[in-house]
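Asks:
Number of protein chains: 2
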Amino acid sequence: MSATEPRKVAPVPAQTPTPRFRQIADELRKRIEDGEIERGSLLPPEPALMAEFEAARGTVRDAIAVLRQDGLVHTEHGRGTVVRPELPITRQADDRYRADWAVADGLAAQQTSFTVDHNLPWDRHRLEVEVEEVESDDVTAGLLVLAAGERVVERRLVFRPKPRGRAEQMSRSWMPASLVAGTPVADPANEPWEGGSIAQLASLGVEVTEVREHVRARAPKSDEAATLVLSAGAIVFVITRQMFAGSQPVEAAEIVIPADRVELGYRIFRS
Amino acid sequence: MSATEPRKVAPVPAQTPTPRFRQIADELRKRIEDGEIERGSLLPPEPALMAEFEAARGTVRDAIAVLRQDGLVHTEHGRGTVVRPELPITRQADDRYRADWAVADGLAAQQTSFTVDHNLPWDRHRLEVEVEEVESDDVTAGLLVLAAGERVVERRLVFRPKPRGRAEQMSRSWMPASLVAGTPVADPANEPWEGGSIAQLASLGVEVTEVREHVRARAPKSDEAATLVLSAGAIVFVITRQMFAGSQPVEAAEIVIPADRVELGYRIFRS
DNA sequence: CAGTGGTCTAGACCACGCT
DNA sequence: GCGTGGTCTAGACCACTGT
Numbered sequence: 002m003s004a005t006e007p008r009k010v011a012p013v014p015a016q017t018p019t020p021r022f023r024q025i026a027d028e029l030r031k032r033i034e035d036g037e038i039e040r041g042s043l044l045p046p047e048p049a050l051m052a053e054f055e056a057a058r059g060t061v062r063d064a065i066a067v068l069r070q071d072g073l074v075h076t077e078h079g080r081g082t083v084v085r086p087e088l089p090i091t092r093q094a095d096d097r098y099r100a101d102w103a104v105a106d107g108l109a110a111q112q113t114s115f116t117v118d119h120n121l122p123w124d125r126h127r128l129e130v131e132v133e134e135v136e137s138d139d140v141t142a143g144l145l146v147l148a149a150g151e152r153v154v155e156r157r158l159v160f161r162p163k164p165r166g167r168a169e170q171m172s173r174s175w176m177p178a179s180l181v182a183g184t185p186v187a188d189p190a191n192e193p194w195e196g197g198s199i200a201q202l203a204s205l206g207v208e209v210t211e212v213r214e215h216v217r218a219r220a221p222k223s224d225e226a227a228t229l230v231l232s233a234g235a236i237v238f239v240i241t242r243q244m245f246a247g248s249q250p251v252e253a254a255e256i257v258i259p260a261d262r263v264e265l266g267y268r269i270f271r272s
Numbered sequence: 002m003s004a005t006e007p008r009k010v011a012p013v014p015a016q017t018p019t020p021r022f023r024q025i026a027d028e029l030r031k032r033i034e035d036g037e038i039e040r041g042s043l044l045p046p047e048p049a050l051m052a053e054f055e056a057a058r059g060t061v062r063d064a065i066a067v068l069r070q071d072g073l074v075h076t077e078h079g080r081g082t083v084v085r086p087e088l089p090i091t092r093q094a095d096d097r098y099r100a101d102w103a104v105a106d107g108l109a110a111q112q113t114s115f116t117v118d119h120n121l122p123w124d125r126h127r128l129e130v131e132v133e134e135v136e137s138d139d140v141t142a143g144l145l146v147l148a149a150g151e152r153v154v155e156r157r158l159v160f161r162p163k164p165r166g167r168a169e170q171m172s173r174s175w176m177p178a179s180l181v182a183g184t185p186v187a188d189p190a191n192e193p194w195e196g197g198s199i200a201q202l203a204s205l206g207v208e209v210t211e212v213r214e215h216v217r218a219r220a221p222k223s224d225e226a227a228t229l230v231l232s233a234g235a236i237v238f239v240i241t242r243q244m245f246a247g248s249q250p251v252e253a254a255e256i257v258i259p260a261d262r263v264e265l266g267y268r269i270f271r272s
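First to last, the protein sequences are chains C and G. For the first sequence, the tail end lands on 272 under the numbering used here, and the numbers increase by one without skipping. For the second sequence, the tail end lands on 272 under the numbering used here, and the numbers increase by one without skipping.
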């Protein structure tokens with residue numbers, strides 16, 4: 002505005018307790034929560050925000066980074082910053098596995114834990130599968146209690162709720178090759194298999210009696226970010242799963258799900 | 002390379018497929034994982050990294066932000082960037098609540114789910130407690146199935162593994178005031194209470210038969226970041242817990258834990 | 001092509017921790 | 001006081017998405 006003093010470079014204008022980029026982030030969050038900016042629509046472009054808040058581009062981008070990390074928005078390169086429309090769905094662990102057990106017992110059909118989570122009809126989802134027999138590495142050998150280097154059948158999956166929609170989940174799972182090699186379970190043509198891994202193992206006469214899940218949260222790796230179409234600052238759940246037949250682990254899996262799209266539900270009973 | 006054209010300002014030097022700040026982050030990660038930079042020690046200061054990688058400060062800071070979001074390092078303002086020493090602990094949901102049930106039944110003593118998680122002796126932890134009777138808001142009323150505005154006893158907790166160490170967990174929990182107001186359970190002087198909420202409710206003749214947990218992951222809010230001493234880019238688990246006596250919810254809680262320090266373990270039994 | 005976000009530079013002032 | 005990270009500016013070039 003008025004120029005009275007000589008300054009070499011841009012000064013920091015009145016240091017406030019909460020930094021400028023946080024204030025901007027809070028204001029934008031408020032507008033989204035108040036419905037002033039519609040869910041699913043685009044945020045004003047960076048130049049507009051720079052003008053409105055009288056801030057440099059870096060500051061505006063820092064503010065957007067905050068919202069991105071909260072999962073409130075995500076950015077698409079040449080397009081803009083999109084306010085997320087989706088509300089999180091609950092991945093209820095016991096319900097989903099119980100559904101698979103029901104299929105294995107012939108009490109239900111045409112579902113898999115993924116369709117249960119997303120409340121999807123059977124024909125409205127798509128699964129990409131790759132199956133390969135490989136040597137187990139330290140991690141999988143540990144999860145399945147195998148000797149190092151023993152062979153496993155690895156299955157890589159990408160799930161999409163709609164045939165051409167974005168991927169919502171990716172996973173790798175392993176079963177001992179000694180158990181499944183050469184069986185219909187190892188044939189990718191049989192996917193998606195109703196009732197998932199539990200039903201697959203049941204078809205081989207193996208009854209899964211317990212499932213353990215370990216949950217971590219972290220930033221996505223680059224291949225995960227690419228497959229799941231995640232922008233910088235996104236967070237993923239990584240679920241390490243083991244299925245047991247008695248005390249013997251018979252399947253292991255690592256499941257990656259964007260954390261802003263789901264909530265993980267678990268129950269613990271006294272019994 | 003060869004300079005033929007006049008440029009006003011710093012050019013972007015040789016655009017590579019993976020951005021510069023990611024390359025730097027990868028290189029630093031490698032050094033940490035190879036032990037070249039020791040766990041618990043400080044990363045070289047920004048100016049040193051700028052010199053070594055011939056990059057501007059912003060670029061170096063972007064690289065460090067990547068490591069921070071991965072939970073590999075955390076920054077302390079006037080001190081430096083610290084490489085995290087801790088390995089994640091597992092918060093095994095059924096074990097921890099089973100331990101509390103054992104206390105409630107008089108089968109064990111001097112423990113609480115937090116000390117179980119951290120494998121701590123009883124006298125080596127500290128708990129900060131505030132207890133207050135308030136009106137329930139929409140969220141707590143929903144979790145406890147109360148009429149809107151019905152009163153609840155709110156308990157705010159901060160856990161520290163060592164008396165003066167950093168906080169590792171913070172939570173708020175609510176019980177219906179009609180159940181606990183005026184009882185020893187509502188007296189903060191009785192904290193820490195062996196066996197936690199389950200034992201507290203048991204002392205009132207209420208038997209918890211089921212615990213449900215819903216897990217989300219997100220960036221910490223500012224008060225959480227302050228209490229847990231989190232740097233920017235950190236991720237927290239938010240566990241929403243309900244304890245049930247039969248079909249009646251008797252306690253609700255929201256537990257916030259930094260995601261880089263724990264792994265959440267759950268088991269699902271075929272039953 | 002214009003407009004969007006992605007990356008980078010160079011320099012400045014500020015707040016914090018230590019000695 | 002000095003060195004550390006935290007915030008901010010101003011400007012540049014690049015890559016992607018739309019028309």
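By construction, the Cβ of each residue, glycine as well, lies at the ideal position given by its N, Cα and C atoms.
Take every Cβ of the region 218–229 of chain G, pair it with every Cβ of the region 257–265 of chain G, and state whether three or more of those distances are shorter than 8 angstroms.
Replies: As far as the Cβ criterion goes, the region 218–229 of chain G touches the region 257–265 of chain G, which means the pair count is three or higher.
Asks: Just the Cα atoms here: how many angstroms apart are A200 (chain G) and E55 (chain G)?
Replies: Cα-Cα distance, rounded: 59 angstroms.
Asks: Taking the alpha carbon of A105 (chain C) as the reference point, which residue from C:S179, C:V67, C:V209, C:E28 has its own alpha carbon closest?
Replies: Here the closest residue by C-alpha is C:V209.
Asks: By how many angstroms is the C-alpha of R213 (chain G) removed from the C-alpha of A254 (chain G)?
Replies: When rounded, the distance between both Cα atoms is 10 angstroms.
Asks: Would you say G266 (chain G) reaches chain C, if we count a Cβ-Cβ gap shorter than 8 angstroms as a contact?
Replies: So, interface residue.
Asks: Specify the secondary structure class of V239 (chain C) as computed by DSSP and reduced to three states.
Replies: Of the three classes helix, strand and coil, the one that applies to V239 (chain C) here is strand, per DSSP.
Asks: How many whole angstroms separate the CB atoms of A148 (chain G) and D139 (chain G), which I take to be in contact at a CB cut-off of 8 angstroms?
Replies: Their Cβ separation, rounded to whole angstroms, is 12 angstroms, which puts A148 (chain G) and D139 (chain G) out of contact at 8 angstroms.
Asks: Cβ of A94 (chain C) less than 8 angstroms from any chain G Cβ?
Replies: At least one chain G Cβ lies under 8 angstroms of A94 (chain C).
Asks: Please give the ranges of any alpha helix (DSSP H) in the region 49–90 of chain C, keeping only runs that are unbroken, at least 4 residues long and fully inside the region.
Replies: Segments of the alpha helix (DSSP H) lying fully in the region 49–90 of chain C: 58–70.
Asks: Identify, in the order they occur along the chain, each residue of the same chain with its Cβ nearer than 7 angstroms to the Cβ of G247 (chain G), setting aside the five sequence neighbours on each side.
Replies: These residues qualify, in order along the chain: T210.
Asks: Here's a check: name, in chain order, each residue in its chain whose Cβ is nearer than 8 angstroms to the Cβ of R173 (chain G), leaving out the five neighbours to either side.
Replies: For R173 (chain G), where only same-chain residues beyond five positions count, the Cβ hits under 8 angstroms are E155, R156, R157, L158, A254, E255.
Asks: Which one of G:E252, G:I25, G:G79 has the shortest CA to CA distance from A142 (chain G)?
Replies: Among G:E252, G:I25, G:G79, the Cα nearest to that of A142 (chain G) is on G:E252.
Asks: Determine the direct distance from the alpha carbon of P193 (chain C) to that of V153 (chain C), and round the result to whole angstroms.
Replies: Approximately 20 angstroms between the Cα atoms of the pair.
Asks: Does any CB atom of chain G fall closer than 8 angstroms to the CB of T210 (chain C)?
Replies: Yes, contact with chain G.
Asks: Just to confirm the assignment: which complete beta strand (DSSP E) runs, minimum length 3, are found wholly within the region 153–212 of chain G?
Replies: Complete beta strand (DSSP E) runs here, min 3: 170–177.
Asks: Please confirm whether D95 (chain G) and I240 (chain C) have their CB atoms less than 8 angstroms apart.
Replies: For D95 (chain G) and I240 (chain C), no; Cβs fall outside 8 angstroms.
Asks: According to DSSP, is L231 (chain G) part of a helix, a strand, or is it coil?
Replies: Three-state result, L231 (chain G): coil.
Asks: Run the CB neighbour count on H78 (chain G), radius 10 Å, all protein chains shown included, and call it buried at 16 or more, exposed below.
Replies: Exposed: under 16 other Cβ atoms inside 10 Å.
Asks: Report the neighbours of D71 (chain G) on chain C: residues whose CB is nearer than 8 angstroms to its CB, in chain order.
Replies: Chain C residues near D71 (chain G): R219, A220.
Asks: Assuming R69 (chain G) and G234 (chain G) form a contact by the criterion Cβ under 8 angstroms, report the distance between their Cβ atoms to the nearest whole angstrom.
Replies: Yes, they are in contact, since the Cβ atoms of R69 (chain G) and G234 (chain G) sit about 4 angstroms apart, within 8 angstroms.
Asks: Please identify the residue among C:I25, C:T184, C:E264 whose C-alpha is closest to the C-alpha of I236 (chain C).
Replies: Minimum Cα distance to I236 (chain C) is reached at C:E264.
Asks: Against chain C, does E129 (chain G) count as a neighbour if the rule is that its beta carbon must be under 8 angstroms from one of theirs?
Replies: Not one chain C Cβ lies under 8 angstroms of E129 (chain G).
Asks: Measuring straight from C-alpha to C-alpha, what distance separates E225 (chain G) and A52 (chain G)?
Replies: One C-alpha to the other measures close to 35 angstroms.
Asks: Applying a beta-carbon distance threshold of less than 9 angstroms, which residues of chain C neighbour W102 (chain G)?
Replies: Near W102 (chain G) (Cβ distances below 9 angstroms), the residues of chain C are R271.
Asks: Using the Cα positions of I38 (chain G) and R62 (chain G), report the straight-line distance between them to the nearest angstrom.
Replies: Cα to Cα, the separation comes out at about 18 angstroms.
Asks: Could you check where the alpha helix (DSSP H) with I33 (chain C) kicks off and where it finishes?
Replies: First-last of the alpha helix (DSSP H) with I33 (chain C): 21–34.
Asks: Who are the neighbours of V251 (chain C) on chain G, taking C-beta pairs under 9 angstroms?
Replies: Ordered by position in chain G, no residue passes the 9 angstroms Cβ test against V251 (chain C), which lies about 13 angstroms from the chain.
Asks: Mapping DSSP to helix, strand and coil, what is V104 (chain C)?
Replies: Of the three classes helix, strand and coil, the one that applies to V104 (chain C) here is helix, per DSSP.
Asks: On a Cα-Cα basis, can you pick out the residue from G:A187, G:E169, G:Q170 that is closest to M176 (chain G)?
Replies: Here the closest residue by C-alpha is G:A187.
Asks: My understanding is that L73 (chain C) touches I33 (chain C), with C-beta atoms under 8 angstroms, so please give their C-beta distance in whole angstroms.
Replies: Contact flag correct, Cβ pair sits at about 6 angstroms.
Asks: Give a yes or no on whether 8 angstroms exceeds the smallest Cβ distance from H78 (chain C) to chain G.
Replies: No, H78 (chain C) does not count as interfacial toward chain G.
Asks: So is I258 (chain C) in contact with chain G if we call contact Cβ pairs under 8 angstroms?
Replies: No, I258 (chain C) lies away from the interface with chain G (no Cβ there is under 8 angstroms from its Cβ).
Asks: What residue range is occupied by the uninterrupted alpha helix (DSSP H) comprising A142 (chain C)?
Replies: Its alpha helix (DSSP H) spans residues 139–145.
Asks: Using a threshold of 8 angstroms, state whether the C-beta atoms of L180 (chain C) and P250 (chain C) are closer than that.
Replies: The answer is no: Cβ separation not under 8 angstroms.
Asks: Return the bridge partner residues of V257 (chain G) from the DSSP annotation.
Replies: The partner list for V257 (chain G) (beta bridge, DSSP) reads G:M171, G:V239.
Asks: According to DSSP, what are the bridge partners of E129 (chain C)?
Replies: In DSSP, E129 (chain C) forms a bridge with C:V159.
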